[in-house]
Amino acid sequence: MPYYVYILKCSDDTLYTGTTTNLKRRIDEHNKGNGARYTSNKTPVKCVYSEKQPDRSSALKREIEIKNLTREQKLTLTTSK
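Here my numbering is used: the first residue of the sequence shown is 180, the next is one more, and so on.
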């Protein structure tokens, strides 16, 4: 089952990185305040980047890689596609 790694831009201009199997549903959850605790009071959120991974393990590894990037590197990643 494919997984997605995504970056959200929150209403306070911060970035949030996560993984999911259903990107649309997960973004809706974040916007309804039912997503991660971090985004619950930073709605609305907008997906600014996503990439497909073949499985959960690959997605989690990629999520960690992205979370270790600086904000500037993440923003560069969002404009690279």
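Where is the CB? At the ideal position from N, CA and C, for every residue including glycine. Predicted, not measured: the structure shown is a model, and the values here were computed from it.
So is residue i buried or exposed if we call it buried at 16+ other beta carbons inside 10 Å?
i              : result
threonine 196  : buried
isoleucine 243 : exposed
threonine 200  : exposed
glycine 212    : exposed
arginine 205   : buried
By Cβ distance below 6 Å, which residues in the same chain neighbour residue i in space, the five residues on each side in sequence not counted?
i           : result
lysine 246  : Thr196
alanine 238 : Tyr182, Val184, Thr198, Gln232
Could you have a look at residue i and say whether DSSP puts it in helix, strand or coil?
i             : result
threonine 249 : coil
serine 259    : coil
Give me, in chain order, the residues of the same chain whose beta-carbon lies closer than 8 Å to that of residue i; leave out the 5 immediate sequence neighbours on both sides.
i           : result
serine 229  : Tyr183, Val184, Tyr185, Ile186, Leu202
leucine 256 : Ile186, Tyr228, Ile245, Leu248
If the criterion is Cβ atoms closer than 9 Å, does the pair residue i and residue j meet it?
i          : j            : result
lysine 221 : cysteine 189 : yes
Is the beta carbon of residue i within less than 8 Å of some heavy atom of the ligand SAH?
i             : result
glutamine 232 : Among the ligands in the structure shown, none appear at all, so the ligand SAH cannot be discussed.
Every unbroken beta strand (DSSP E) within the region 180-233, with a cutoff of 3 residues, ordered by chain: 182-188, 194-199, 225-232
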